[in-house]
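These protein sequence lines are chains A and B, in that order. First residue of the first sequence? That's 11 in our numbering, and the numbers climb one at a time after it. First residue of the second sequence? That's 4 in our numbering, and the numbers climb one at a time after it. Note that CB positions come from ideal geometry on N, CA and C, so glycine has one too. Given the structure is predicted, the values throughout are model-derived calculations rather than measurements. Before any comments, here is the structure.
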Amino acid sequence: MTDTRSLFETTLKSLSSKGVRYADIRATTTSNEHVKVRNGAVENLSSATDRALGIRVLVGDGWGFAATSNHDESAVERIAMRALEVAAASHIASTQLVELSEVEPHIAQWSSHFEIDPWSVPFETKISHLHEATDPLRDDDRVHQVLGEISSYRQEKIFSSTEGSYIEQSTTEMGAGLEVIAIAGGEFQRRTFPNPFGGDFQARGWEFIEEVDLPANGRRIRDEAIALLTAPKAPAGIHELLIGSSQLALQVHESCGHPAELDRAMGLEISLAGGSFLQPSMLGEFRYGSDLVNIVADATVPQALGTFGFDDDGVPAQRFHLIRNGIFVDYLSGRDSATAIGRRSNGTVRAETAARIPIIRMTNINLEPGETSLEDLLADTKKGILVDTNKSWSIDDLRLNFQFSCEVAWEIENGKVGRMLKNPTYTGITPRFWQSCDAIGNRETWRIWGLPNCGKGDPLQTMRVAHGAPIARFRNVEMA
Amino acid sequence: MIGKDEIVGVLERSLAAAAGDEADAIVVASERNVTRFANSNVHQNMSEESGELVLRIIADGKQGVASTSSFLDEDIRHTASLALDMARRSERLEGFTGLYGGNEPVAELPTFDEATSRLADADKAHRLRAMFDEGTTKKVTFAGSFSTTVASLAAGNTNGIRRWAPLTAADLVTIAVADDTSGFATRMSRRSGDIDTMELGREATDAALLRRHDRSDIDAGPWDVILGPPAMAEIFEWMNMITFTGQSYEDGSSFFVGNRDKQVLGVNCTLADDPLDPEFAPFPFDAEGMPRRRNSLVEKGRVHGPVLDRLMADRLGLEPTANAASPGSDEHGIALHVSMAGGSASREEIIATTERGILVTRFHYLNGLIEPRTAMMTGMTRDGTFLIEDGKVTKRLPNLRWTQSMVEAFSNIDTLSKERRIIGTWWNTFGGTLAPTVKIRGWKITGRSGA
């Protein structure tokens with residue numbers, strides 16, 4: 011049997027001889043495992059294995075891509091021919107030039123780091139961990155549902171290109187979370203820990219689940235869910251808003267990460283995900299936020315979901331500013347888009363699996379910490395509202411008008427945290443909002459959050475990204 | 004396309020490999036071709052052949068679910084071994100009475116179109132190129148996608164259930180862009196011949212050019228709105244998640260809870276999950292092998308109930324509705340064919356009889372998690388939002404933000420169009436939404452886009 015590298019290189023050589031300008035082959039094996047306990051019983055034990063092989067070719071200015079779930083030798087040649095057919099069809103309706111930015115060839119291996127392999131931990135251990143976290147929370151009639159879940163993910167990936175790269179990468183991740191639903195008197199409240207939609211995720215092993223420590227945090231969120239049932243509604247009007255790290259991470263995702271994707275700015279995603287208010291003419295000039303605001307794209311952060319060795323163009327992982335001292339300075343880009351703004355790819359092109367076309371995706375998009383301690387930030391706030399943990403999110407097709415609801419809020423009065431408030435919703439226009447940022451918490455308030463479900467592309471691709479964020483304060487924010 | 008014998012063969016091998024007390028499986032082999040375009044240029048073009056086997060094993064009243072993309076014997080055996088291992092390590096399912104064994108016949112439905120299965124990449128590209136070229140004469144560019152799918156599906160279980168169906172789908176989504184305005188058109192069908200790219204291109208172009216030099220703004224507050232089928236489809240996609248599924252009913256987030264057989268919505272609101280309508284996107288069985296049927300969700304404003312797989316139906320003490328999307332899946336029943344009954348008016352008559360209102364083509368980025376018990380949602384309009392005055396479209400409006408309870412909105416329906424359109428969606432190859440144009444009174448506009 012031919013080894014994978016020889017097979018891929020032979021196929022790429024054959025494609026080159028047929029006149030392709032560029033070609034790459036990717037192969038992925040993706041494994042997922044999910045354990046869910048609901049209301050004291052295991053609801054779901056599931057395991058999924060997905061194999062994919064994808065070949066992308068550029069012929070003239072027409073792209074072609076073909077993929078299969080079949081990894082055998084004969085499939086490689088067949089899929090290569092299919093990609094050529096698709097490229098020929100693209101040529102019929104291609105009206106623009108394709109120029110790829112340069113990249114050096116890389117022969118490399120990269121792997122994320124874990125201490126305890128998720129697949130070495132028995133199901134029984136995961137189940138008992140979830141029982142320990144959730145069973146004690148069901149001792150109140152107002153608690154309608156208690157859910158705990160643990161997820162494991164691994165992707166093995168090979169990338170080989172006509173430019174001489176052959177890269178093998180392996181990523182292992184785990185995530186865990188709790189959800190409590192309390193219902194009474196027609197009121198419905200949901201509280202989650204540490205984050206909604208499956209919890210928090212990192213590129214680590216079981217040691218991360220132990221660190222998250224669901225059992226130690228369940229009682230607090232259960233009590234908060236119950237307290238929210240009778241809490242007053244967060245007041246509408248213009249407020250000084252303190253946004254906790256978890257919610258601010260999603261704010262960064264929606265109002266900075268997505269609009270900084272160059273393919274959106276070029277109109278390539280407008281029919282589905284939308285465009286961007288950040289246009290190339292604004293680079294280096296546009297005031298996105300206050301001087302305090304520094305947002306970096308950093309695919310090199312240890313153990314985060316947006317971390318990798320090389321992107322799916324074979325470009326090495328990088329760290330760079332999107333927003334520097336409040337000014338918009340760069341996009342997330344790939345090889346076929348960076349040239350449109352006269353730059354080189356900064357290595358942010360990824361595909362969910364080898365069965366999908368690589369597109370620009372967020373890596374780890376992080377709001378850099380400031381210098382203000384949590385205590386000083388609170389003490390400096392005479393009257394405000396602190397919100398955290400996302401409940402709903404919505405933003406327009408240019409990423410300007412946003413509206414977020416959070417699970418919980420608290421009054422801040424004369425520097426002290428006061429009453430709990432329910433159903434906080436705030437809204438704004440992205441640059442006005444970030445320009446109103448007047449305090450950013452220090453490193454102690456900063457943490458990185460894993461989001462395994464960022465959707466983009468057609469067919470839709472779900473990407474695993476992360477966001478580091480501290481607590482921060484914003485002036486004159488409208489609450490609904 | 005993988006034929007019946009081969010796909011049913013995979014099903015047989017999977018069930019044969021499954022130890023335990025009972026097992027069921029769904030096997031899907033598909034080829035999906037997606038051509039994406041923007042700036043009147045094809046920039047992504049792909050063909051994917053894929054396979055998926057989802058196998059559930061029940062052992063001693065406990066469940067394990069494993070899936071694989073490979074149909075090789077060794078991978079099927081490994082998948083069966085994993086499912087059994089998980090079932091053995093799991094816990095007993097509360098009240099579960101077991102897998103389907105009724106074996107009632109399934110309906111003969113037109114799920115497959117030969118021409119769609121054979122549509123060549125080049126044919127699609129030529130059709131798009133013609134649309135681009137006509138757009139150039141009107142100074143618009145197009146963005147969107149043209150996708151076709153051909154699939155072969157088999158479902159069955161160790162109680163002797165065997166189902167198979169071929170499936171085709173074609174879906175065009177296009178927006179026309181004219182400087183700073185845009186318009187939208189879409190159509191989905193089992194038959195690619197129903198997708199008239201030129202007609203849809205013109206529809207999107209007309210919406211992009213309509214009143215493009217007559218701009219206006221409006222105040223926030225309650226407005227009469229006329230929502231096109233794509234806007235309605237986005238609402239129903241969220242209602243599927245927060246209202247219709249078995250899981251949303253069990254966890255208490257659905258407004259159906261406590262309201263079954265009660266008049267909650269307006270008498271002109273009738274919603275169903277209708278996979279048998281040949282004019283929609285028919286499909287004959289669910290992932291548990293049960294024959295699909297028309298399930299009433301809301302009948303003339305009266306709430307009927309959620310859609311349920313067998314596990315959730317047993318848990319809730321209700322009848323299963325043949326809505327399993329996958330064996331053991333988290334939503335425990337999902338409506339893949341949401342159909343809203345139309346009325347008697349034409350879209351033009353609805354506009355003509357509106358003194359002052361807003362015409363909405365499409366929504367963007369809805370979210371229905373604000374207060375799910377009232378189906379409170381927020382979202383933006385896009386690709387053509389217009390002011391109606393004295394029965395005429397008079398001004399183009401900016402994209403508007405709204406925040407609105409659907410329980411309230413569906414109690415305030417004024418008029419529905421007779422014509423309905425099938426709207427596809429990215430996650431649902433089986434069906435989509437069939438919706439009319441709907442006029443609703445008192446829709447809450449809360450803001451607008453703009454720097």
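Residue 435(A) CB to nearest heavy atom of the ligand PLP below 7 Å: Within the structure as shown, the ligand PLP is missing, as the structure has no ligands at all.
Residue 366(B) versus 354(B), 303(B), 350(B) and 187(B), residue with shortest Cα-Cα distance: Checking every option, the nearest Cα to that of residue 366(B) belongs to 187(B).
8 Å Cβ cutoff met for residue 172(B) and residue 191(B): Against a cut-off of 8 Å, the Cβ pair of residue 191(B) and residue 172(B) comes out as a contact.
8 Å Cβ cutoff, residue 185(A) in contact with chain B: Residue 185(A) has a beta carbon lying at 8 Å or more from every beta carbon in chain B.
Check whether residue 25(B) and residue 105(B) have beta carbons under 8 Å apart: No, Cβ-Cβ distance for residue 25(B) and residue 105(B) is not below 8 Å.
Contact list for the region 276–287 of chain A against chain B, Cβ threshold 8 Å: Against chain B - using a Cβ distance shorter than 8 Å - the residues of the region 276–287 of chain A are 276, 277, 278, 279, 280, 281, 282, 284 and 287.
Sub-8 Å separation of residue 480(A) and residue 211(A) beta-carbons: No, Cβ-Cβ distance for residue 480(A) and residue 211(A) is not below 8 Å.
Beta-bridge pairing of residue 44(B) - partner residues as DSSP gives them: Answer is 41(B).
Min CB distance residue 18(B) to chain A below 8 Å: Chain A, which has no Cβ nearer than 8 Å to the Cβ of residue 18(B), makes this no.
Residue 331(A), DSSP secondary structure in three states: In the structure shown, residue 331(A) sits in a strand (DSSP, three-state: E or B).
Ordered list of alpha helix (DSSP H) runs contained in the region 278–349 of chain B, each at least 4 residues: The DSSP assignment places 313–319 as complete runs of the alpha helix (DSSP H) inside the region 278–349 of chain B, in order along the chain (cut-off: 4 residues).
Residues sharing a beta bridge with residue 249(A), DSSP: Per the DSSP secondary-structure output, residue 249(A) pairs in a beta bridge with 487(A).
Min CB distance residue 408(A) to chain B below 8 Å: It does; some Cβ of chain B falls within 8 Å.
Cβ contact check for the region 271–279 of chain B and the region 252–261 of chain B: 3 or more pairs under 8 Å: No contact exists between the region 271–279 of chain B and the region 252–261 of chain B.
N-terminal and C-terminal residue of the beta strand (DSSP E) that residue 120(B) is part of: Residue 120(B) -> not in any beta strand (DSSP E); alpha helix (DSSP H) instead, spanning 117–120.
Every unbroken alpha helix (DSSP H) within the region 102–184 of chain A, with a cutoff of 4 residues, ordered by chain: DSSP runs (the alpha helix (DSSP H)) wholly in the region 102–184 of chain A: 133–144.
Residue(s) in a DSSP beta bridge with residue 431(A): According to DSSP, residue 431(A) bridges with 419(A).
Closer than 8 Å to chain B by CB, residue 55(A): It does: the Cβ of residue 55(A) has a partner Cβ on chain B nearer than 8 Å.
C-beta neighbour in chain B for residue 188(A), strict 8 Å: Taking 8 Å as the threshold, the shortest C-beta distance from residue 188(A) to chain B does not fall below it.
CB contact check: residue 331(B) to chain E, cutoff 8 Å: Absent from the structure: chain E. Protein chains present are A and B.
C-alpha distance - residue 70(B) paired with residue 344(B), whole-angstrom precision: A straight line joining the alpha-carbon of residue 70(B) with that of residue 344(B) spans about 37 Å.
Short CB-CB distance (under 8 Å) between residue 368(B) and chain A: Yes, contact with chain A.
Residues within the region 393–426 of chain A neighbouring chain B, beta-carbon criterion of under 8 Å: For the region 393–426 of chain A, which is checked against every Cβ of chain B, the residues closer than 8 Å are 401, 402, 403, 404, 405, 406, 407, 408, 410, 411, 413 and 415.
Residues from the region 453–478 of chain A in contact with chain B, defined by Cβ distance under 9 Å: Correct list: 465, 467, 468, 469 and 470.
Any chain B beta carbon closer than 8 Å to residue 96(A): At a cut-off of 8 Å between beta-carbon atoms, residue 96(A) makes contact with chain B.
Chain A contact residues for residue 132(B), given Cβ-Cβ distances below 8 Å: From the beta-carbon of residue 132(B), the residues of chain A found nearer than 8 Å are 102 and 103.
Spatial neighbours of residue 152(A) in its chain, beta-carbon cut-off 6 Å, leaving aside the 5 residues before and after: The beta carbon of residue 152(A) is closer than 6 Å to those of 192, 194 and 236 in its chain, skipping five residues each way along the sequence.
Contained beta strand (DSSP E) runs [length at least 3] in the region 258–331 of chain A, N- to C-terminal order: The DSSP assignment places 305–308 as complete runs of the beta strand (DSSP E) inside the region 258–331 of chain A, in order along the chain (cut-off: 3 residues).
Meets three-Cβ-pair contact criterion under 8 Å: the region 328–338 of chain B and the region 398–412 of chain B: Remark: fewer than three beta-carbon pairs, one from each stretch, lie closer than 8 Å, so the region 328–338 of chain B and the region 398–412 of chain B are not flagged as touching.
Near-chain B residues of the region 335–364 of chain A (beta-carbon distance less than 7 Å), N- to C-terminal order: Taking 7 Å as the cut-off between beta carbons, none of the residues of the region 335–364 of chain A comes near chain B.
Counterpart residues of residue 169(B) in DSSP-defined beta bridges: Residue 169(B) is bridged to 155(B).
Endpoints, beta strand (DSSP E) assigned at residue 408(B): According to the DSSP assignment, residue 408(B) belongs to the beta strand (DSSP E) that extends over 403–408.
Residue span of the alpha helix (DSSP H) that contains residue 238(B), given as start and end: Secondary structure note for residue 238(B): its alpha helix (DSSP H) is the uninterrupted segment 232–242.
Where residue 427(A) falls, given that 16 or more other Cβ within 10 Å makes a residue buried: By the Cβ-count criterion, residue 427(A) is exposed, with fewer than 16 other Cβ atoms from all chains shown falling within 10 Å of its own Cβ.
Sheet register partners of residue 90(B) (DSSP bridge): Beta-bridge analysis with DSSP links residue 90(B) to no other residue.
Counted within 10 angstroms of its Cβ, other Cβ atoms place residue 47(B) as buried (16 or more) or exposed: Looking at its Cβ environment, which holds 16 or more other Cβ atoms inside 10 Å, residue 47(B) is buried.
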